[in-house]
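Student: After the structure tokens below, expect a handful of questions from me.
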DNA sequence: GAGCACTGC
């Protein structure tokens, strides 16, 4: 206390004293975290157990503190690092910055982070935060993860595909590393120890073996961190691993239910919003809805209702947020409202984990979520509205108790809650597995169907994806990666069918065009169509559209953006250049976030294909050449027009329609290739180019000659 | 006539 007074007096050294006081506040904050009281206990547990499950709820401080405890306990001796994985990029970045500050170092030194497109680490980095997908990529180069003494998998309860695959892989690495140590003890000869994953004919493993010959690898310590109350699944998977619980810090949230079953939750949600506004104390409202359309309709209804209120009660603003919304508009949820004004945020599940909105005191939860599912038989993805799980309902209500006691209004009766599934079906059980299988195969897993998954995906899904990878020429009949195509495909961080398209294109003189195409296909929708400016947006889109289809249209958009940048490059600095590009995007109804993402992917993948020695050639104006290349690359996704004007998917025989966002929506060519097969209200194919059916017999005879 | 959320050396 006295010292604080002293700091204030030293006016000629304000900056320094501010720093000191910030440092002290940081230190005090660290000491007050629930995890701080168990530091010694925790270290002992890690020393005693190779695998530890840590259950820590929101606010326990586990993500920021535990890596520092381990560092201080000497887990980074011998230059080894502690790796901490996160499912999301923003989390990896913000946590790393926070921990660097707590350690009093620049981020990128002792504490760093690595995410796609951004590596802020150095040779001195000892605590490395990263996305789980990135660690999997790293493992392709270093299958023993030899630079790490400890891997912490954070947010494991979210069960993303990457987390699940990573857990399976880490279990395998851990076994191999322990075996290598034991064997070297037994034989006292490190050179002949069992470091090889039994099959040394793969070049990568041999080189990795050579690298470690003569050095024994210490066992890999694994820490699985989860916020869910149920650690049993993780514990059993890791051979009865010890689970350790850290209390969280969350304010109480009062839960209420409806008395009766609700028929129209939009209506009750709207009523609840206004009940809260008129009857409850100040505090913002967060309502969880299923999608953009629903949000827009409730937004309009709410705005109309506000106008009908007496003037003194009109102090309520409605703010939508969902992922497809341009970033500037997403940021509105963070803008503080004027004093005395309450805001109500209408959100998709983006607000469950990805975006934390401050000031929320009331949560409205209708109990539904739109989720992606995958039908392996048809190879079709669907977006379906499901009831939430219990875990998800808890996650949502928790959003009301971040800053003080809150309330959650569930729009269903209490007995419904007990009928909900305990937890959401893990993603690995409801997605296309082509990427997972290619990656596991590249990591040396021989029989993916028998791989020790935390929870195995449907066998049908595994076989379907294996079949696809065999048809693409990535995996040979013996189940191993083909050489060189399979190895090249595994190295490129894209959907396997896009990686293959790059290889095909390089052989038919149009890699430059295909690189742009797959970059654009890999991001969320490029075009942004606000409801109130539909006509204007459509007119702008026409400027880019190509009669051949969406792929060439996407190339036109990308090249126009690059032309625009090149023209402005001379007169503007980097910041102004990006700003003017955003303006150009807005004028052309293009989502600038998506375009930025596509440019990042483009530059990353260009690096990959250049290192592989693929010639970055262009077909110039010969668009026929490129369309043939599209047919040769996407021969697995063909649809033909039927007499009644609908289309039939060649592979599954399903009746489909061209998605209304396609430039070919009205043109209806006889035969098309497509890149997405999605069921929403109808079965749609998206991203389409017209082709000549005869090309297929010539370009993909192994598939189309047999079937037609 | 239409788009849950994440992510990749």
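In full-length UniProt numbering, the protein residues as written are 1 to 708.
For glycine and all other residues, C-beta sits at the position ideal for the given N, C-alpha and C.
#1: Starting from residue 53, follow the beta strand (DSSP E) in both directions and report where the run begins and ends.
#2: If you follow the alpha helix (DSSP H) that residue 46 is part of, which residue opens it and which one closes it?
#3: Figure out for me which residue from 443, 59, 112 has the closest Cα to the Cα of residue 33.
#4: Indicate whether residue 347 and residue 321 have their beta-carbon atoms separated by less than 8 angstroms.
#5: With respect to the alpha helix (DSSP H) encompassing residue 415, which residues constitute its N-terminal and C-terminal limits?
#6: Could you tell me the distance, in whole angstroms, from the CA atom of residue 383 to the CA atom of residue 272?
#7: Is there contact between the segment 291-311 and the segment 389-409, where contact requires at least three CB pairs shorter than 8 angstroms?
#8: Three-state secondary structure (DSSP) at residue 23?
#9: Just the C-alpha distance for residue 507 and residue 612, rounded to the nearest angstrom, thanks.
#10: Tell me the residue span of the beta strand (DSSP E) that contains residue 380.
#11: Assign residue 288 to one of three DSSP states: helix, strand, or coil.
#12: What span of residues does the beta strand (DSSP E) with residue 67 cover, start to end?
#13: Indicate the three-state DSSP secondary structure (helix, strand or coil) for residue 674 in the structure shown.
#14: With distances taken from CA atoms, which of 89, 88, 653, 551 is nearest residue 664?
#15: Given residue 67, which residues of its chain have a CB within under 6 angstroms of its CB, disregarding the five upstream and five downstream residues?
#16: Under 8 angstroms, with one C-beta from each stretch per pair, do the segment 455-462 and the segment 478-487 reach the 3-pair mark?
#17: Using CA coordinates, which residue listed in 466, 89, 90, 27 is at the minimum distance from residue 104?
#18: Mind checking whether residue 157 and residue 226 have CB atoms under 8 angstroms apart?
#19: When we look at the beta-carbon of residue 124 and count the other beta-carbons within 10 Å, is it buried (16 or more) or exposed?
#20: Let's see if you can read the secondary structure: which residues bound the beta strand (DSSP E) around residue 684?
#21: Reducing DSSP to helix, strand and coil, say where residue 280 ends up.
#22: Give the DSSP-derived three-state secondary structure of residue 107 in the structure shown.
#23: Does DSSP put residue 451 in a helix, in a strand, or in coil?
#24: What's the gap between the Cα of residue 522 and the Cα of residue 282?
#25: What three-state label does DSSP hand residue 234 in the structure shown?
#26: Do the segment 314-333 and the segment 360-377 make contact, defined as three or more Cβ pairs closer than 8 angstroms?
#27: Taking the straight line between their C-alpha atoms, what separation do you get for residue 695 and residue 630?
#28: Candidates 56, 159, 132, 616: which alpha carbon is nearest residue 250's?
#29: To which residues of the same chain is residue 704 closer than 6 angstroms at the C-beta, ignoring the five residues directly before and after it?
#30: Who are residue 164's beta bridge partners in DSSP?
#31: Leaving aside the five residues before and after residue 352 along the sequence, list all residues of the same chain whose C-beta is less than 8 angstroms from its C-beta, in chain order.
#32: Taking its Cβ as the centre, do 16 or more other Cβ atoms sit within 10 Å of residue 585, making it buried, or is it exposed?
#33: Pairs of beta-carbons, one from the segment 632-645 and one from the segment 594-601, closer than 8 angstroms: are there three or more?
#34: Within the same chain, show all residues whose beta-carbon is closer than 6 angstroms to that of residue 693, passing over the 5 residues directly before and after it, in chain order.
#35: Name the one or two DSSP bridge partners that residue 483 has.
#36: Classify residue 550 as helix, strand or coil using the three-state DSSP reduction.
Tutor: From the atom records:
#1: As a position in the first chain, residue 53 is number 53, starting the count at 1. Element bounds for residue 53: 51-56.
#2: Position 46 of the first chain, counted from the start, is the residue given in the question as residue 46. Per DSSP, the unbroken alpha helix (DSSP H) holding residue 46 starts and ends at 39-48.
#3: The residue you call residue 33 lines up with position 33 of the first chain. Ranking the options by Cα distance to residue 33, first place goes to 59.
#4: Position 347 of the first chain, counting from 1, holds the residue named residue 347. Position 321 of the first chain, counting from 1, holds the residue named residue 321. In this structure, residue 321 lies closer than 8 angstroms to residue 347 by Cβ.
#5: Numbered from its first residue, the first chain carries residue 415 at position 415. Element bounds for residue 415: 414-419.
#6: On the first chain, position 383 is the one that residue 383 refers to. On the first chain, position 272 is the one that residue 272 refers to. Using only the alpha carbons, I get a separation of about 27 angstroms.
#7: Three or more Cβ pairs closer than 8 angstroms define a contact, and the segment 291-311 falls short of that threshold against the segment 389-409.
#8: Stepping through the first chain from its first residue, residue 23 is reached at position 23. The DSSP-derived three-state label of residue 23 is helix.
#9: Sequence index remark: in the first chain, residue 507 carries index 507 (1-based). Sequence index remark: in the first chain, residue 612 carries index 612 (1-based). Going by the C-alpha atoms only, they are around 13 angstroms apart.
#10: As a working mapping, residue 380 is identified with position 380 in the first chain. Note, residue 380: beta strand (DSSP E), 380-387.
#11: Here residue 288 is taken as the residue at index 288 of the first chain, counted from 1. In the structure shown, residue 288 sits in a strand (DSSP, three-state: E or B).
#12: Position 67 of the first chain holds residue 67. Per DSSP, residue 67 belongs to no beta strand (DSSP E); it is in the alpha helix (DSSP H), 62-72.
#13: On the first chain, residue 674 is found 674 positions in, with the first residue counted as 1. DSSP places residue 674 in strand when its eight states are reduced to three.
#14: Locating residue 664 in the first chain gives position 664, where the first residue counts as 1. Nearest neighbour of residue 664 by Cα position, chosen from 89, 88, 653, 551, turns out to be 551.
#15: Along the first chain, read from residue 1 onward, the residue named residue 67 stands at position 67. Once the five neighbours on either side are set aside, the close Cβ partners of residue 67 are 82, 84, 127.
#16: With a cut-off of 8 angstroms on Cβ pairs, the segment 455-462 is not in contact with the segment 478-487, counting fewer than three such pairs.
#17: As a first step, residue 104 must be located in the first chain, where it is residue number 104. Of 466, 89, 90, 27, the residue nearest in Cα terms is 27.
#18: The count along the first chain starts at 1 and reaches residue 157 at position 157. The count along the first chain starts at 1 and reaches residue 226 at position 226. Using a Cβ distance threshold of 8 angstroms, residue 157 and residue 226 count as a contacting pair.
#19: To locate residue 124, count along the first chain from 1; it is residue 124. With fewer than 16 neighbouring CB atoms inside 10 Å of its own CB, residue 124 falls in the exposed class.
#20: Numbered from 1 along the first chain, position 684 holds the residue referred to as residue 684. Segment 683-690, the beta strand (DSSP E) holding residue 684.
#21: Start at 1 with the first residue of the first chain, and residue 280 comes out as number 280. Of the three classes helix, strand and coil, the one that applies to residue 280 here is coil, per DSSP.
#22: For the purposes of this step, residue 107 is taken as the residue at position 107 of the first chain. Under the three-state reduction of DSSP, residue 107 is assigned to coil, being neither helix nor strand.
#23: Reading the first chain from its first residue, position 451 is the one you call residue 451. Three-state result, residue 451: coil.
#24: Your numbering for residue 522 matches position 522 in the first chain. Your numbering for residue 282 matches position 282 in the first chain. If I take the Cα positions, the gap works out to 43 angstroms.
#25: Sequence index remark: in the first chain, residue 234 carries index 234 (1-based). In this structure, residue 234 counts as helix in the three-state DSSP scheme.
#26: The answer is no - the segment 360-377 does not touch the segment 314-333, with fewer than three Cβ pairs under 8 angstroms.
#27: The residue you call residue 695 lines up with position 695 of the first chain. The residue you call residue 630 lines up with position 630 of the first chain. Inter-residue distance for residue 695 and residue 630 is about 10 angstroms (C-alpha atoms, whole angstroms).
#28: Translated into positions along the first chain, residue 250 becomes position 250. It is 56.
#29: The count along the first chain starts at 1 and reaches residue 704 at position 704. Short of 6 angstroms from the beta carbon of residue 704, and not among the five residues preceding or following it, lie these beta carbons of its own chain, in chain order: 696, 697.
#30: Reading the first chain from its first residue, position 164 is the one you call residue 164. DSSP, once it has assigned bridges, lists no residue as partnering residue 164.
#31: Your numbering for residue 352 matches position 352 in the first chain. Same-chain partners within the cutoff: 288, 392, 395, 396, 399.
#32: As a first step, residue 585 is located in the first chain; it is residue number 585 there, counting from the start. With 16 or more other Cβ atoms inside 10 Å of its own Cβ, residue 585 counts as buried.
#33: The segment 632-645 and the segment 594-601 do not touch, with fewer than 3 CB-CB distances between them shorter than 8 angstroms.
#34: Taking the first residue of the first chain as position 1, residue 693 is located at position 693. For residue 693, where only same-chain residues beyond five positions count, the Cβ hits under 6 angstroms are 671.
#35: As a position in the first chain, residue 483 is number 483, starting the count at 1. DSSP output for residue 483 lists no bridge partner at all.
#36: As a working mapping, residue 550 is identified with position 550 in the first chain. Looking at residue 550 - three-state DSSP - the assignment turns out to be helix.
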